[in-house]
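There are 2 protein chains.
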Amino acid sequence: MSYPLIIAYDETSLDKLSELAKMLCGHVAGFKVGLPLMLEHGVKKLRELKSSCSKALWIADVKAADIAHVVSATVTTLLRVFDKVIVHAVVGYVGALEGLKDVRENLVVVVAMSHPGADETLNRLVVALLKVAERVKPWGVVAPATKPELVRLTRQLLGQEVKILSPGVGAQGARPGTALCAGADFEIVGRAIVNAVEPLKAVKKIGEEQLEAVRRCRSAN
Amino acid sequence: MSYPLIIAYDETSLDKLSELAKMLCGHVAGFKVGLPLMLEHGVKKLRELKSSCSKALWIADVKAADIAHVVSATVTTLLRVFDKVIVHAVVGYVGALEGLKDVRENLVVVVAMSHPGADETLNRLVVALLKVAERVKPWGVVAPATKPELVRLTRQLLGQEVKILSPGVGAQGARPGTALCAGADFEIVGRAIVNAVEPLKAVKKIGEEQLEAVRRCRSAN
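If you read the sequences in order, they're chains A and B.
All residue numbers for the first sequence refer to this note's numbering, where the first residue is 1 and numbers rise by one.
All residue numbers for the second sequence refer to this note's numbering, where the first residue is 1 and numbers rise by one.
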């Protein structure tokens, strides 16, 4: 069975990712690919990736943060290969994300981030960024597992339909299940699985911890 | 002679950019390449680009906005080909741009943007973003020609040494020379030159307008 887990891959080896995808296929919900791999190889070379696990969601984590005509061209290029593309809400709507109306079902919008530096910058705007996301009406949003109060706020302001993806589990310190209990749909884990000696074993361990945490928080409510 | 102009190229044709670079070489200070081209081809394929005008600055406008280990891997990949890489200040320092200490001479940091949507988001943080830039100590920063007061503030807070690159001239509405008069070192022009029937003629026209504006604002002070 598949856990509510998305694998974050920020390295540049195509072979390693392809092997990883075959190994974890059916056990995780998707694979989130970072800019380093895309820049190293170009999107054409990434086409065969999806066939290594076609039932998973393939997400391009480009975190595009530019004006409308650039962000549109970026997203269009990536959707030739990926199912979803991640963009930043912090560039705003008018003259930026408004250019993506036709592909809103393929978008995931970052409304807050997990690292300390974000608290002095991006995360101070979280309410404004949630309003940007409300206008974009994307398939999903990204809110950090390290800040469950922001996941809760996101669910409260954006409603039940949008998917919430939460990074920060593992290397960045959040416990598996924390974000799910706060209202997220998926938790994103990178290095704790990608660099594990036995990635499938790491997935199962983290996945079971997720399910156990959800059982506990549901019975507490 | 070379005008204080940087060409922004956000299309995906390598041939068109290569031709453009040969044609404008010696007349402009550099070429700023957007994400669509990099994603389409991958950085290896961009290697021969520089030889189409080796005396120009080649700037990768990836606008990276991610946590430290991803932004580092992104910048490292791009510096194999480009002279400078553009990153966003809006992700903050700790856990993000602090990962780039060793390459600060190759960085250009976005502290504000030119489109209307930025005023409801990113630009509200401009003082915090200038403080992030102050910690990074990059070669250059990006501040919009459409908002000369932000260019002035940038020069005032960051001092004389940092290069200021100003987009927004041409298609986005700022007049050539406006940002230079406010303290910028270079103005960035994209579509008004890239899509011109005669790009070199467009460069000369915009370049002469720059020089004339600078003459006027210098004699007024």
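Heads up, the beta-carbon is just placed ideally off N, CA and C, and yes, glycines get one too.
Model, not experiment: these values are computed from the prediction.
What residue range does the beta strand (DSSP E) around isoleucine 188 of chain B cover? Along the second sequence, one-based indexing puts residue 188 of chain B at 188. Element bounds for isoleucine 188 of chain B: 186-189.
Does any CB atom of chain B fall closer than 8 Å to the CB of threonine 146 of chain A? To locate residue 146 of chain A, count along the first sequence from 1; it is residue 146. Chain B contact via Cβ: absent.
If you check the beta carbons only, do tyrosine 9 of chain B and phenylalanine 31 of chain B fall under 8 Å apart? On the second sequence, residue 9 of chain B is found 9 positions in, with the first residue counted as 1. On the second sequence, residue 31 of chain B is found 31 positions in, with the first residue counted as 1. It is a contact, given that the beta carbons lie within the stated cut-off.
Quick one: using the 10 Å Cβ neighbour count with 16 as the cut-off for buried, is glutamate 198 of chain A buried or exposed? Working through the first sequence from its first residue, we reach residue 198 of chain A at position 198. By the Cβ neighbour-count rule, glutamate 198 of chain A is exposed, with fewer than 16 other Cβ atoms within 10 Å of its own.
Looking at leucine 100 of chain A and valine 75 of chain A, is the spacing between their C-beta atoms short of 8 Å? Translated into positions along the first sequence, residue 75 of chain A becomes position 75. Translated into positions along the first sequence, residue 100 of chain A becomes position 100. Yes, they are a contact pair.
For isoleucine 6 of chain A, which residues in chain B fall below 9 Å Cβ to Cβ? Looking up residue 6 of chain A in the first sequence gives position 6. Neighbours of isoleucine 6 of chain A on chain B: none; closest Cβ ~15 Å, over 9 Å.
Does methionine 38 of chain B have its Cβ less than 8 Å from a Cβ in chain A? Residue mapping note: residue 38 of chain B aligns to position 38 of the second sequence, counting from 1. Answer yes: the Cβ-Cβ gap between methionine 38 of chain B and chain A drops below 8 Å somewhere.
Closer than 8 Å, CB to CB, is leucine 122 of chain B near chain A or not? As a working mapping, residue 122 of chain B is identified with position 122 in the second sequence. So, interface residue.
Residue-level contact to chain A via CB, glycine 140 of chain B, 8 Å cutoff: If you number the second sequence from 1, residue 140 of chain B lands on position 140. Not closer than 8 Å to any Cβ of chain A, the Cβ of glycine 140 of chain B fails to qualify, so no.
Using only the alpha-carbon positions, how far apart do lysine 48 of chain A and glutamate 98 of chain B sit? Within the first sequence, numbered from 1, the residue matching residue 48 of chain A stands at position 48. Within the second sequence, numbered from 1, the residue matching residue 98 of chain B stands at position 98. Per the sequence shown, the amino acid found at residue 48 of chain A is glutamate instead of lysine. Each residue's alpha carbon lies about 35 Å from the other.
Mind checking if valine 132 of chain A is an interface residue toward chain B, Cβ cutoff 8 Å exclusive? For this step, residue 132 of chain A is matched to residue 132 along the first sequence. Residue contact check for valine 132 of chain A against chain B: a CB pair falls below 8 Å.
Pairwise C-alpha distance: valine 43 of chain B and alanine 60 of chain B: The residue given as residue 60 of chain B occupies position 60 in the second sequence. The residue given as residue 43 of chain B occupies position 43 in the second sequence. For the pair alanine 60 of chain B and valine 43 of chain B, the Cα-to-Cα distance works out to about 10 Å.
Do valine 28 of chain B and valine 203 of chain B have their C-beta atoms within less than 8 Å of each other? Walking along the second sequence from the start, residue 28 of chain B turns up at place 28. Walking along the second sequence from the start, residue 203 of chain B turns up at place 203. Taking C-beta atoms as the reference points, valine 28 of chain B and valine 203 of chain B count as a pair closer than 8 Å.
What is the DSSP secondary structure of isoleucine 164 of chain B, reduced to helix, strand or coil? To locate residue 164 of chain B, count along the second sequence from 1; it is residue 164. The DSSP-derived three-state label of isoleucine 164 of chain B is strand.
What span of residues does the beta strand (DSSP E) with histidine 88 of chain A cover, start to end? Sequence index remark: in the first sequence, residue 88 of chain A carries index 88 (1-based). From DSSP, the beta strand (DSSP E) with histidine 88 of chain A extends over 84-88.
Residue burial classification, serine 52 of chain A (beta-carbon count within 10 angstroms, cutoff 16): Taking the first residue of the first sequence as 1, we reach residue 52 of chain A at position 52. Result: buried.
So what's glycine 117 of chain A in DSSP terms, helix, strand or just coil? Within the first sequence, residue 117 of chain A is the residue found at index 117, counting from 1. Residue state, collapsed to three classes: helix.
What distance in whole Å lies between the Cβ atoms of leucine 20 of chain B and glutamate 187 of chain B, which are believed to be in contact at a cut-off of 8 Å? Looking up residue 187 of chain B in the second sequence gives position 187. Looking up residue 20 of chain B in the second sequence gives position 20. Contact check for glutamate 187 of chain B and leucine 20 of chain B: beta-carbon distance about 17 Å, past the 8 Å limit, so the pair fails to qualify.
Report the residues of the stretch 93-119 of chain A with a CB closer than 9 Å to any CB of chain B, ordered along the chain. Taking 9 Å as the Cβ-Cβ cut-off against chain B, the residues of the stretch 93-119 of chain A that qualify are Tyr93, Val94, Gly95, Ala96, Leu97, Glu98, Val110, Met113, Ser114, His115, Pro116, Gly117, Ala118 and Asp119.
Taking alanine 133 of chain B as part of the alpha helix (DSSP H), name the residues at either end of that continuous run. Along the second sequence, one-based indexing puts residue 133 of chain B at 133. Looking at the DSSP string, the run of the alpha helix (DSSP H) that includes alanine 133 of chain B is 126-136.
Just the Cα atoms here: how many angstroms apart are valine 169 of chain B and glycine 190 of chain A? Taking the second sequence and counting its residues from 1, one reaches residue 169 of chain B at position 169. Taking the first sequence and counting its residues from 1, one reaches residue 190 of chain A at position 190. Approximately 40 Å, taken between the alpha carbons.
Pairing CB atoms from the stretch 85-96 of chain A with CB atoms from the stretch 124-144 of chain A, are three or more of them under 8 Å? Cβ pair count under 8 Å is three or more, so yes.
What residue from A/Ile193, A/Leu200, A/Thr12 and A/Leu180 has the CA that sits closest to glutamate 212 of chain A's CA? What you label residue 212 of chain A is simply residue 212 of the first sequence in a count that begins at 1. Among A/Ile193, A/Leu200, A/Thr12 and A/Leu180, the Cα nearest to that of glutamate 212 of chain A belongs to A/Leu180.
Partners in chain A for threonine 74 of chain B, counting only beta-carbon separations shorter than 7 Å: Indexing the second sequence from 1 puts residue 74 of chain B at position 74. Leu35, Pro36 and Leu39, listed in chain order.
Note the first and the last residue of the continuous beta strand (DSSP E) segment covering lysine 55 of chain B. As a first step, residue 55 of chain B must be located in the second sequence, where it is residue number 55. Note, lysine 55 of chain B: premise wrong, no beta strand (DSSP E); not H, not E.
Methionine 1 of chain B versus glycine 26 of chain B - alpha carbon distance: The count along the second sequence starts at 1 and reaches residue 1 of chain B at position 1. The count along the second sequence starts at 1 and reaches residue 26 of chain B at position 26. In a straight line, the C-alpha of methionine 1 of chain B is about 6 Å away from that of glycine 26 of chain B.
Which listed residue (A/Lys16, A/Gln172, A/Val70 and A/Met23) has its alpha carbon closest to that of leucine 46 of chain A: Taking the first sequence and counting its residues from 1, one reaches residue 46 of chain A at position 46. Selected option, being the one with the closest Cα: A/Lys16.
Residues of the stretch 42-69 of chain B in Cβ contact with chain A at a cutoff of 9 Å, in chain order, please. Among the residues of the stretch 42-69 of chain B, those with a Cβ less than 9 Å away from any Cβ of chain A are Gly42, Val43, Lys44, Lys45, Ala60, Asp61, Val62, Lys63, Ala64, Ala65, Asp66, Ile67, Ala68 and His69, in the order of the chain.
Buried versus exposed, by CB contacts within 10 Å (16 or more), asparagine 123 of chain B: The sequence position of residue 123 of chain B within the second sequence is 123, counting from 1. When all chains shown are included, asparagine 123 of chain B counts as buried.
Using the Cβ count rule (16 or more neighbours within 10 Å means buried), how would you classify glycine 173 of chain A? Residue mapping note: residue 173 of chain A aligns to position 173 of the first sequence, counting from 1. For glycine 173 of chain A, the number of other beta carbons within 10 angstroms of its own is below 16, and it is reported as exposed.
Which class does isoleucine 6 of chain A belong to by DSSP, given the choice of helix, strand or coil? On the first sequence, position 6 is the one that residue 6 of chain A refers to. Strand, per DSSP.
Cβ neighbour criterion (16 or more within 10 Å) applied to lysine 55 of chain A: Stepping through the first sequence from its first residue, residue 55 of chain A is reached at position 55. With fewer than 16 other CB atoms across the displayed protein chains lying within 10 angstroms of its CB, lysine 55 of chain A is exposed.
When you compare the CB positions of glycine 183 of chain B and valine 214 of chain B, do they come within less than 8 Å of one another, or not? On the second sequence, position 183 is the one that residue 183 of chain B refers to. On the second sequence, position 214 is the one that residue 214 of chain B refers to. Valine 214 of chain B sits away from glycine 183 of chain B, with the two beta carbons spaced by 8 Å or more.
Hey, is the stretch 110-129 of chain B in contact with the stretch 147-159 of chain B, meaning 3+ C-beta pairs nearer than 8 Å? Yes, the stretch 110-129 of chain B touches the stretch 147-159 of chain B.
What residues of chain A sit near aspartate 10 of chain B, judged by a beta carbon separation below 8 Å? Taking the second sequence and counting its residues from 1, one reaches residue 10 of chain B at position 10. Per Cβ cutoff of 8 Å: His69, Val70 and Ala73.
Using the beta-carbon of each residue, which ones in chain A are nearer than 9 Å to alanine 128 of chain B? Here residue 128 of chain B corresponds to residue number 128 of the second sequence, with the count starting at 1. Those are Glu120, Thr121 and Arg124, listed as they occur along chain A.
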